[in-house]
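Asker: Following this message is one structure expressed as structure tokens.
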Amino acid sequence: MTSRRCALAGLVGVALVLLLAPHTVLAQAPEPNNEECLACHGNPGMSTTLISNEELPLSVDPALFGASVHAQSGVACVDCHNNISTFPHPHLSAADRRDVTLQLYSACKTCHSDKYDQELDSVHGRALAGGNVNAAVCTDCHNPHTQGRLREKGTGLLVAEARLAIPQTCARCHSAIYEQYRTSVHGAALIGDPAQGMPGGNPDVPTCIDCHGVHSIEDPTTDAFRLKSPALCAACHADPQRMDKYGLSTAVMSTYVADFHGTTVTLFEKLSPDAQTNKPVCFDCHGVHDIQRVDDPQKGLQVKENLLHTCQKCHPGATANFPDSWLSHYIPDPQRNSLVYYVDLFYKIFIPAVLGGMGVFVLTDIVRRLIERRKGAKPQ
Amino acid sequence: MNPQARYQRFHWTQRVEHVLLILSFTTLAVTGLAQKYASAGVSQAILRALGGIENARTIHHVAAALMMFEAIYHLVGTGYKVIVRRSRMSMLPTLKDMGDALQALLYNVGLRKQRPQGDRYTFEEKAEYWALIWGTAIMALTGFMMWNPIATTHLLPGQVIPAAKAAHGAEAVLAVLAIILWHMYGVHLKRFNKSMWIGTMTEEEMIHEHPLELADLKAGTAQIAQDRKTLRRRRLAYFPTAGILAASMLVGLVYFVSYEKTAIETVPPAVDVPIYSPQTPTAVPTAAPHVAATSEPADAAPAALTWEDTIGPLLAKQCVMCHGPVNPASGLSLASYQTALAGGAGGPGVVPGAPAMSRLVVVQSAGAHPGQLTPDVLSMLKAWIEAGAPEK
Chain A
375 MTSRRCALAG LVGVALVLLL APHTVLAQAP EPNNEECLAC HGNPGMSTTL
425 ISNEELPLSV DPALFGASVH AQSGVACVDC HNNISTFPHP HLSAADRRDV
475 TLQLYSACKT CHSDKYDQEL DSVHGRALAG GNVNAAVCTD CHNPHTQGRL
525 REKGTGLLVA EARLAIPQTC ARCHSAIYEQ YRTSVHGAAL IGDPAQGMPG
575 GNPDVPTCID CHGVHSIEDP TTDAFRLKSP ALCAACHADP QRMDKYGLST
625 AVMSTYVADF HGTTVTLFEK LSPDAQTNKP VCFDCHGVHD IQRVDDPQKG
675 LQVKENLLHT CQKCHPGATA NFPDSWLSHY IPDPQRNSLV YYVDLFYKIF
725 IPAVLGGMGV FVLTDIVRRL IERRKGAKPQ
Chain B
1020 MNPQARYQRF HWTQRVEHVL LILSFTTLAV TGLAQKYASA GVSQAILRAL
1070 GGIENARTIH HVAAALMMFE AIYHLVGTGY KVIVRRSRMS MLPTLKDMGD
1120 ALQALLYNVG LRKQRPQGDR YTFEEKAEYW ALIWGTAIMA LTGFMMWNPI
1170 ATTHLLPGQV IPAAKAAHGA EAVLAVLAII LWHMYGVHLK RFNKSMWIGT
1220 MTEEEMIHEH PLELADLKAG TAQIAQDRKT LRRRRLAYFP TAGILAASML
1270 VGLVYFVSYE KTAIETVPPA VDVPIYSPQT PTAVPTAAPH VAATSEPADA
1320 APAALTWEDT IGPLLAKQCV MCHGPVNPAS GLSLASYQTA LAGGAGGPGV
1370 VPGAPAMSRL VVVQSAGAHP GQLTPDVLSM LKAWIEAGAP EK
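This is the structure in structure tokens:
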């Protein structure tokens, strides 16, 4: 064994001791196990009254907790409620129910430090740091006593039921947005909407987190978010695998970028990603959470009046002909947008014809002059 | 041949036009093509150097206005020559130009012995001039449409706007490539023609480029003689008229660039509902009362009110964690009927028939005991003790 191997073995040994030590300590400590806690807290109706006069429920349903990912993974109540080891419990210093949550949620970082750190930098974390106590913390979305497994072990893919439940989770604080999403083309396909004949459960439509992310949720009202938002939509809408199923065009991004609006937004994003532009991005015309099918009678942009109304949001003077100046994501062809098609075609022929003609004169002239020079003839 | 002789080709007022054209055309080409090919790295470098796309558009618009100004200038100047000086309209294309072009080509490929003889303007120069006129007209028209799309679509179908954009971009490509190919070759490479800068040509240059005009000049037939009086009379008529026309065209130019306010300048709001709109009641991580209400203890109530059926399991679940058989708190074990009766340090736990003397009831009635029994369970416990606390 070389000395390097010895050193390696030593390091591994130290690491093992360090890894195992806290567990050993935990196992030896006379801390109450979950059954002991649930002996009291498993009873329904336990509660206490806080300074704010709010009633704080103290019961945890043992059945629901037992099914949770925490119970299944052997997490002890006192791993999170780590200030409690004996009875009587330490005095509850929280002034109100929100305060209780805010005091407790930082325990999550013990095991989930990556997610916790991402959240600190998110729109929620920043709002909280800025003094908005209503900003979501871990336990607002993940009830630690009932949270089931979200991602499949191994694949890391979102569990289908968990994906379906995402909008309801966000709805706890963003119920008005949820109401818009619920009946949108995306929301109805996910949640189901009998009024639209949508069964729900569609795995292709985005939930909240597909656009906003999880944990590291960015402020969606910034200029930077606005500028990069088309790429979010294009991630699905320019993907033939997803769009072909629904007969949707994947040229939506390229046609947008080719147009005045899209060119400008793309340039802003590339040259000054934090700057503001009012040139429209996808959601300015299609909506954000209330996106409808393009043939929807009320909001669909295929309906001319709806499109005109949409144009008028930014172009108040627009009249009936104006919306046709936008090619509606279509690539000009002889049937649709034929004028544009024929202008393009004209120049496809005209430019080479003119330049070719000029080229013939220039080239033959060069050749003639070279010949004359070689002959020593006096150039004319 | 007189080596000192110089023949005027371009008056300084015309050379100024050339400078205006170079400035406006180059600026338009750079700022325009960078927009047409916006995804190219070089375009983005240009746009970045110009301070972004919005700045580049403003520069493009200023250059466009300058070119329009130059067009008005040119019209006034041309009008003066045609109307006042009655110069020959030597820039108009003629059948001879067609013949000259053909002859030049045939000469180049060796099928003619001689190059065509150039007059005041050769067929190459006329081709370039009229290409510029065509291009400027197209660019002005399509530029106006893009600049004022709302006004345009009052009268014309919406589709003319993207069609104008297509034509504007394609025409720009054509113009730039034609300048590079035709103009650069014709006046820079083939023979360096300085006349647009210094205004004159030597006799030798005239012999090569414009022999027919030179012959006319020598014969004195190039310019129809005008008597001073007539000229003055014409000028007196022309300048006010041209001035009014030019002024109205300049007003038209201002109208062109400032006619419509196409779009709002603010960012439209994206979401029109409150962002934070919590559901009520606000969810908390602890169980909502209705969830717990369906679980076991409540269901256990209808069972027989005995230690074995009801009270024992209830206390076992709720109390024996502390008051268990091993090291019971306060010496009270509620693990069995006997130890419950015996009680602990505070006295007997259960006194059959006398709830008020039973330590269990006393402590629980005082409240705030860990594992506090709910009022329902407590009254059940009392009822059991009153009934003599039966074991079975």
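Quick mapping for you: the protein sequence lines, in order, are chains A and B.
Here our numbering is used: the first residue of the first sequence is 375, the next is one more, and so on.
Here our numbering is used: the first residue of the second sequence is 1020, the next is one more, and so on.
Every residue, glycine too, gets a C-beta built ideally from N, C-alpha and C.
These numbers were taken from a predicted model, which means no experiment stands behind them.
Between which two residues does the alpha helix (DSSP H) carrying A/R600 extend?
Answerer: Unbroken alpha helix (DSSP H) run through A/R600: D597 to H611.
Asker: Where do the N-terminal and C-terminal ends of the alpha helix (DSSP H) with A/L532 fall, by residue?
Answerer: It is not in any alpha helix (DSSP H) - A/L532 carries neither H nor E in the DSSP assignment.
Asker: Where are the beta strand (DSSP E) runs, 3 residues long or more, that stay fully inside the region 1174-1261 of chain B, in chain order?
Answerer: Counting whole runs of 3 or more residues, the region 1174-1261 of chain B contains the beta strand (DSSP E) stretches 1219-1221.
Asker: In terms of alpha-carbon separation, which member of A/H689, A/D648, A/A536 and A/E553 lies closest to B/E1284?
Answerer: Of the candidates A/H689, A/D648, A/A536 and A/E553, the one whose C-alpha sits nearest the C-alpha of B/E1284 is A/H689.
Asker: In angstroms with no decimal places, state the Cα-to-Cα distance between B/L1208 and B/T1281.
Answerer: If I take the Cα positions, the gap works out to 45 Å.
Asker: Which term fits B/W1201, buried or exposed, when burial requires 16 or more other beta carbons within 10 angstroms of its beta carbon?
Answerer: Classification of B/W1201: buried, given that the 10 Å Cβ count is 16 or more.
Asker: With C-beta atoms as the reference, is B/N1127 less than 7 Å away from A/D597?
Answerer: For B/N1127 and A/D597, no; Cβs fall outside 7 Å.
Asker: Hey, B/H1093 and A/T693: beta-carbon distance below 7 Å or not?
Answerer: Not a contact, by the Cβ cut-off of 7 Å.
Asker: What span of residues does the beta strand (DSSP E) with A/E429 cover, start to end?
Answerer: Segment E429 to P431, the beta strand (DSSP E) holding A/E429.
Asker: Which chain B residues sit within Cβ distance under 8 Å of A/G440?
Answerer: Those within 8 Å of A/G440 in chain B number zero; the least Cβ separation is about 12 Å.
Asker: Taking 7 Å as the cut-off, decide whether the C-beta atoms of A/P418 and A/S433 are in contact.
Answerer: For A/P418 and A/S433, yes; Cβs fall inside 7 Å.
Asker: Helix, strand or coil for B/H1093, going by three-state DSSP, please let me know.
Answerer: Correct three-state label for B/H1093: helix.
Asker: Could you say if the region 1180-1193 of chain B and the region 1155-1172 of chain B meet the contact criterion of at least three C-beta pairs nearer than 8 Å?
Answerer: With a cut-off of 8 Å, the region 1155-1172 of chain B and the region 1180-1193 of chain B count as touching, because enough Cβ pairs lie within range.
Asker: Counting Cβ pairs closer than 8 Å, one from the region 1236-1250 of chain B and one from the region 1067-1085 of chain B, do we hit at least three?
Answerer: Judged by Cβ distances under 8 Å, the region 1236-1250 of chain B makes no contact with the region 1067-1085 of chain B, as fewer than three pairs qualify.
Asker: Which of the three DSSP states is assigned to B/R1028 in this structure?
Answerer: The answer is coil: DSSP assigns B/R1028 none of H, G, I, E or B.
Asker: How many Å lie between A/T422 and A/H415 at the Cα?
Answerer: Between A/T422 and A/H415, the C-alpha separation is close to 12 Å.
Asker: Pop quiz: B/P1297 and A/N711 are said to be a contact at Cβ under 8 Å. What is the actual Cβ separation, rounded to whole angstroms?
Answerer: Actually they do not touch by this definition, with Cβ atoms about 47 Å apart.
Asker: For B/N1212, would you say it is in contact with chain A, using Cβ-to-Cβ distances shorter than 7 Å as the test?
Answerer: It does not; no Cβ of chain A falls within 7 Å.
Asker: Report yes if the C-beta distance between B/A1364 and B/G1343 is below 7 Å; otherwise report no.
Answerer: No. Outside cutoff.
Asker: Run through chain B and tell me which residues come within less than 9 Å of A/A625, C-beta to C-beta.
Answerer: Ordered by position in chain B, no residue passes the 9 Å Cβ test against A/A625, which lies about 15 Å from the chain.
Asker: Are at least three pairs of beta-carbons, each pair with one atom in the region 1224-1232 of chain B and one in the region 1132-1141 of chain B, less than 8 Å apart?
Answerer: Judged by Cβ distances under 8 Å, the region 1224-1232 of chain B makes contact with the region 1132-1141 of chain B, as three or more pairs qualify.
Asker: I need the straight-line Cα distance from A/G636 to B/V1292, nearest angstrom please.
Answerer: Rounded to the nearest angstrom, the two C-alpha atoms are 26 Å apart.
Asker: Applying the criterion that 16 or more other CB atoms from any shown protein chain within 10 Å of the CB defines a buried residue, is A/G530 buried or exposed?
Answerer: Exposed.
Asker: Run down chain B in chain order and give the residues with a C-beta less than 7 Å from the C-beta of A/L701.
Answerer: Neighbours of A/L701 on chain B, chain order: P1181.
Asker: Quick test of your reading: A/N652 and B/V1290, contact by CB under 8 Å. State the CB separation rounded to the nearest angstrom.
Answerer: Going by Cβ atoms, the distance from A/N652 to B/V1290 rounds to 16 Å, so no, they are not a contact pair.
Asker: For a contact meaning CB atoms closer than 9 Å, what does B/K1209 contact in chain D?
Answerer: As a matter of chain content, chain D is missing from the structure shown, whose protein chains are A and B.
Asker: Hey, does B/Q1383 have any beta-carbon neighbour from chain A nearer than 7 Å?
Answerer: No, B/Q1383 does not count as interfacial toward chain A.
Asker: Hey, quick one: how far does the alpha helix (DSSP H) through A/T423 stretch, first residue to last?
Answerer: Note, A/T423: premise wrong, no alpha helix (DSSP H); beta strand (DSSP E) at S421 to T423.
Asker: For A/M572, which beta-bridge partners are listed by DSSP?
Answerer: Beta-bridge pairing links A/M572 to A/D567.
Asker: How long is the line joining the alpha carbons of B/T1393 and B/A1335, rounded to whole angstroms?
Answerer: Near 16 Å, if we compare the C-alpha coordinates of B/A1335 and B/T1393.
Asker: Within the chosen definition, does the region 539-551 of chain A reach the region 447-467 of chain A through at least 3 CB pairs nearer than 8 Å?
Answerer: The answer is no - the region 447-467 of chain A does not touch the region 539-551 of chain A, with fewer than three Cβ pairs under 8 Å.
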